[in-house]
Amino acid sequence: MIHIARDTVLAEQSRKAVGRVRVDDGWDCKKVSDHFGGFMKEIELRLGLVFYGGVSLAIYMHGVSREMLNLVRASGFRLDRKAGGAGEGAAERDLPPVQSAYKELLDILSPVADVRVVVDAIAGASAGGVNGIMLARAIAHDLPLDSHSRLWLENADVTRLARPQSGISRYLKISVSPVLDRLISSRLNKQIESTETREKLRRFMQARWFSPPFSGDRFIGWMLDACKQMEETAEPGRTLIPRGQTLDLFVTITDYNGIKRRIHLDDPDYVEEWDHRRILNFHAVHRAPGVVDSQFAAENIPELVFAARATSSFPGAFPPATIAEMERVLARQHLAWPHREAFLKRGLNLTPEAIGRHCFVDGSVVMNKPFAPVIKVIQDRPATKEVARRVIYIDPAPVEPVEADGRHVELPGFFRVILASLAHIPRNEPIGDDLKELEQNNRRSRWLAQLIDAAGPMVEQAVKGLLPKRRTVTPEILAKCRKDATDAAFRQAGFAFLNYQSLKLHALGERLAGLTTRLSGVRDARKLEEPVLAQLARYFSTLTVESKDLLGRNDPHVVALLRGLDVDYRIRRLRFAIRKLNGFYQFDPGSGLPPPNTDVLDHMKGLLYDQIDHLSWRWTEPFFGSRCRDHAERFVKDLAAGAESAGDQVVPLLKCMSSMMGLADLDRLQDELFAETARGLLDKDRHASLMRSYIGFGFYDLITFPVLQRNDFSEVTEILVDRISPRDAESLHTENFDLKGKSLNSFGAFFNRGWREHDYLWGRLNAADRLVSIILSAAGKGTLPQMQVNQARARIFLAILEEERDKLIEIPEEIARVDDLVRSVYPDFAHVKEDV
60 MIHIARDTVL AEQSRKAVGR VRVDDGWDCK KVSDHFGGFM KEIELRLGLV
110 FYGGVSLAIY MHGVSREMLN LVRASGFRLD RKAGGAGEGA AERDLPPVQS
160 AYKELLDILS PVADVRVVVD AIAGASAGGV NGIMLARAIA HDLPLDSHSR
210 LWLENADVTR LARPQSGISR YLKISVSPVL DRLISSRLNK QIESTETREK
260 LRRFMQARWF SPPFSGDRFI GWMLDACKQM EETAEPGRTL IPRGQTLDLF
310 VTITDYNGIK RRIHLDDPDY VEEWDHRRIL NFHAVHRAPG VVDSQFAAEN
360 IPELVFAARA TSSFPGAFPP ATIAEMERVL ARQHLAWPHR EAFLKRGLNL
410 TPEAIGRHCF VDGSVVMNKP FAPVIKVIQD RPATKEVARR VIYIDPAPVE
460 PVEADGRHVE LPGFFRVILA SLAHIPRNEP IGDDLKELEQ NNRRSRWLAQ
510 LIDAAGPMVE QAVKGLLPKR RTVTPEILAK CRKDATDAAF RQAGFAFLNY
560 QSLKLHALGE RLAGLTTRLS GVRDARKLEE PVLAQLARYF STLTVESKDL
610 LGRNDPHVVA LLRGLDVDYR IRRLRFAIRK LNGFYQFDPG SGLPPPNTDV
660 LDHMKGLLYD QIDHLSWRWT EPFFGSRCRD HAERFVKDLA AGAESAGDQV
710 VPLLKCMSSM MGLADLDRLQ DELFAETARG LLDKDRHASL MRSYIGFGFY
760 DLITFPVLQR NDFSEVTEIL VDRISPRDAE SLHTENFDLK GKSLNSFGAF
810 FNRGWREHDY LWGRLNAADR LVSIILSAAG KGTLPQMQVN QARARIFLAI
860 LEEERDKLIE IPEEIARVDD LVRSVYPDFA HVKEDV
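60 is the number of the first residue of the sequence shown in the numbering used here; add one for each residue after it.
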């Protein structure tokens, strides 16, 4: 694998990547640069999406997800063609009206800021989990969402969701129909004026008593059909994930039975508690053009549909989800489940024997607003351009501000307390803690950026003295300079080095403990991760105690250990170099440097990301062969048996891993990249600056690693938070507007096709309004004149109406009303309808 990578790099060295920067749609670079007084910038708008639960408000959220996909696809159409990446082949296809309107907005912005929209992570609970799953599939393999739209509009109806009843049960309940009619008339008359809704509500209330009214089997069948229909237009190898990037999906579910967790204490030795929270994680990686390593492929449909069924299993409405139910529906449709055992182990952490004792209910019971996994992922997600990071959460029913009127608050009754405890309160858990932690991370990012910038001149001065002044820097000279700079940094650190090295060894121990338990193949090996870490820590402590160097800076045993196994230090070093490359995209006409060639910078960063991918691969089980697996198995089995000889297995295991990792070869390859490849791609000054960052990374790591306390160094970037809801989309806001799905305790849209169409349409319109604002915010305030902003919004709104006019057959009056509203809000652009 290493030799293939080296051949690729050497071949790339011969390429002449220098040339004029290309701008799409006929813009002339020099004219654009002269007009705006500088070189235009390229921005990646990186999104993390969080979909809340909300029962029938899922239909509104589906409208939002449609617009997310439209924007990502329009962005890919524009920018991926030149890179031969996710948008490969896009030039041969015409864009639908809405995607074309988004593309026009991005085109208008491009002379000042060429914006590319990338989704890094999606998380969802309950109804939001279902939409997150389908959107992730669509992005991972560039699939349509039309079948999902049909699922919501046609099948998300109480009469189709309801479980079949026996004849005698229904006959007995006919006798109570007059009572139900009077109840609906007296208690709900002001809310429910639709005849269709009132009739379906009466039928629903005649459903089985003390039994969930909705059918899990039917829901699974519809989801399977929708996923299969997505594949009908699929093209192998297509994706909307940029090359070298990863898309993560997180879906929350509640394990009704739970798993017993052991927590170690002082006295008693341990306690045990039940853990009911599950966060299922699926991901896809775009490794090379046409090569997508994905858990969203057609062969993964069964586990994705099970996740959708489990996360949306609203207590009392659906029966709990089980693996047996999923297998029953698959057998009925003659479908296989290729990755069943892997999913049970990886996703649910359950053995095939134990799965029969577990059932799963709505994910919103334990986590309705899954911010934490998204924030954790996107902080470490790399970008290939200047980056603007956003967490966008979709909340169809935000809390309305209510002024206190001084009236006495009535104590809730018996059933209201039970309902609030089971559904309302868990679904409205506060997000303040997650957002507060995000703000703390943003403050730390700002502080780290300032710290790095402040240390930069001193580090560059120290490194300058190590580089030869007249000789060409070869890979061998670069390697020596790198080692000398790191030694100098460690000497100057004094006693602060003790804390730095201790943290590095602890982080390495945690990585190795996790890898060892996974490699061992021993059942329930994850429970032994702590004992494995304790043995590794004891060995590391022995090395440092026996060191003749008081601070352990040059102890040969510790140095050999880190050189052979410290993968994450290399990743941090490459990420830091990429941060330096990101700074080259900004052009200062007074710097005396030529304008940056962004194609060249992209190419160099792509080579570095390839190296990061090679390094990251070394933390995965498939990288290692049988010899390391045998060592890990013996080690873990000895620990499980309490054998005193378990510690004797540490050294052979680490030697085997070190030999397999081959980090010395990758070090040489990376030295060649910076010394030779970069010299052929970059101008002299930028190349020298990049080499100094690479050589002097040891100085920066001493500063940043103890603060970050993470194994990985990512771009130091703030993450801003935006919301999409009916309250935030103000362009088309009208007084007393509300979503139909909010009625009947958020089940309302299940009782009326017209209500579903209404909420779906407004989900699209609200999302379009907010996405335009977010794009403009990422590009910079005042980037476009207000006239052009208005025109862009009007075109997108009218394009949405045109796409849906013949499909939303129950709400022609609402479509006509919105059409008139758009033209009244933007009267100067009434002509755009004909253009769309």
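Ideal placement from N, C-alpha and C gives every residue a C-beta, glycine not left out.
According to the Cβ coordinates, are residue i and residue j closer than 8 Å?
i: ASP818; j: TYR119; result: yes
i: VAL881; j: LEU857; result: yes
i: ALA367; j: ILE192; result: yes
i: THR576; j: ARG582; result: no
i: ALA383; j: SER372; result: no
i: LEU571; j: LEU602; result: no
i: ALA182; j: PHE309; result: yes
i: ASP781; j: ILE855; result: no
i: ARG829; j: ILE859; result: no
i: THR313; j: PRO429; result: no
i: SER561; j: ILE630; result: no
i: ARG852; j: VAL877; result: no
i: GLY755; j: VAL518; result: yes
i: VAL532; j: LEU526; result: yes
i: LEU820; j: ASP744; result: no
i: LEU507; j: VAL766; result: yes
As a quick exercise: from the options, pick the residue whose alpha carbon is nearest that of residue i.
i: ASP284; options: SER274, GLY275, LEU210 and VAL350; result: LEU210
i: LEU403; options: SER423, LEU363 and PHE430; result: LEU363
i: VAL217; options: GLU331, PHE377 and MET282; result: PHE377
i: LEU573; options: GLN499, LYS523, LYS696 and THR679; result: The sequence shown places Gly at residue 573, rather than the Leu named in the question. Nearest C-alpha to GLY573: THR679.
i: GLY665; options: GLN392, SER134, HIS417 and ARG302; result: ARG302
i: ARG677; options: ALA705, MET719, GLU703 and ALA699; result: MET719
i: ILE318; options: ARG132, LEU652 and HIS417; result: HIS417
i: ASP887; options: TYR315, ALA875 and MET846; result: MET846
i: ARG597; options: HIS565, SER504, SER274 and VAL626; result: HIS565
i: LYS866; options: GLU101, LEU128 and ASP205; result: ASP205
i: SER134; options: ILE300, LEU212, HIS207 and PRO203; result: ILE300
i: ASN359; options: ALA395, ALA521 and LEU526; result: ALA395
i: ALA827; options: LYS162, ARG137, LEU116 and GLU101; result: LYS162
Can you give me the Cβ contacts of residue i inside the same chain, cut-off strictly under 7 Å, excluding the 5 residues immediately before and after it?
i: ALA636; result: LEU667, LEU749, SER752 and TYR753
i: LEU578; result: GLU680, PHE683, CYS687, ARG688 and ALA691
i: ALA293; result: HIS200 and LEU202
i: SER717; result: GLY623 and LEU624
i: ILE762; result: LEU510 and ALA514
i: VAL157; result: ASN129, ILE855, ALA858, ILE859 and GLU862
Please return the same chain residues whose Cβ sits closer than 6 Å to the Cβ of residue i, not counting the five positions on each side in sequence.
i: LEU779; result: ARG449
i: ILE434; result: LEU497
i: VAL436; result: ALA180 and ASP307
i: ARG65; result: Since pLDDT at ARG65 reaches only 31, below the 50 mark, its modelled position is unreliable, and no value is offered.
i: PHE694; result: GLN708 and LEU712
i: ASP669; result: none
i: ASN501; result: GLU777
i: VAL626; result: LEU674 and ARG677
i: ILE227; result: Low confidence applies here, because ILE227 scores a pLDDT of 42, under 50, leaving its location unreliable and the question unanswered by this model.
With a CB to CB cut of under 8 Å and the five nearest residues on each side skipped, what residues in its chain are close to residue i?
i: GLY642; result: none
What residues are listed by DSSP as bridge partners for residue i?
i: ARG854; result: ARG854 pairs with nothing; no bridge assigned.
i: LEU306; result: ALA343
i: THR313; result: ARG336 and VAL420
i: PRO923; result: Outside the displayed range of the chain (60 to 895) lies residue 923, so it cannot be described from this structure.
i: ARG105; result: VAL177 and ARG448
i: LYS319; result: TRP333
i: SER353; result: ALA343
i: ALA184; result: THR311
i: LEU779; result: ARG449
i: ALA30; result: Here the chain comprises residues numbered 60 to 895, so residue 30 is not present and cannot be evaluated.
Answer with yes or no whether the minimum CB distance from residue i to chain D is below 8 Å.
i: ILE198; result: Absent from the structure is chain D; it holds one protein chain and no more.
Are at least three pairs of beta-carbons, each pair with one atom in the region 688–697 and one in the region 653–663, less than 8 Å apart? no
contact_flag[the region 177–193, the region 108–122] where n(CB pairs < 8 Å) is 3 or more: yes
Check whether the region 156–176 and the region 352–363 are in contact - that is, three or more C-beta pairs closer than 8 Å. no
Does the region 417–426 come within contact of the region 799–814, defined as at least 3 CB pairs closer than 8 Å? no
Using 8 Å as the threshold, is the region 387–401 in touch with the region 327–339, meaning 3 or more CB pairs across them? no
Counting pairs of Cβ atoms below 8 Å between the region 192–204 and the region 783–800, do you hit three or more? no
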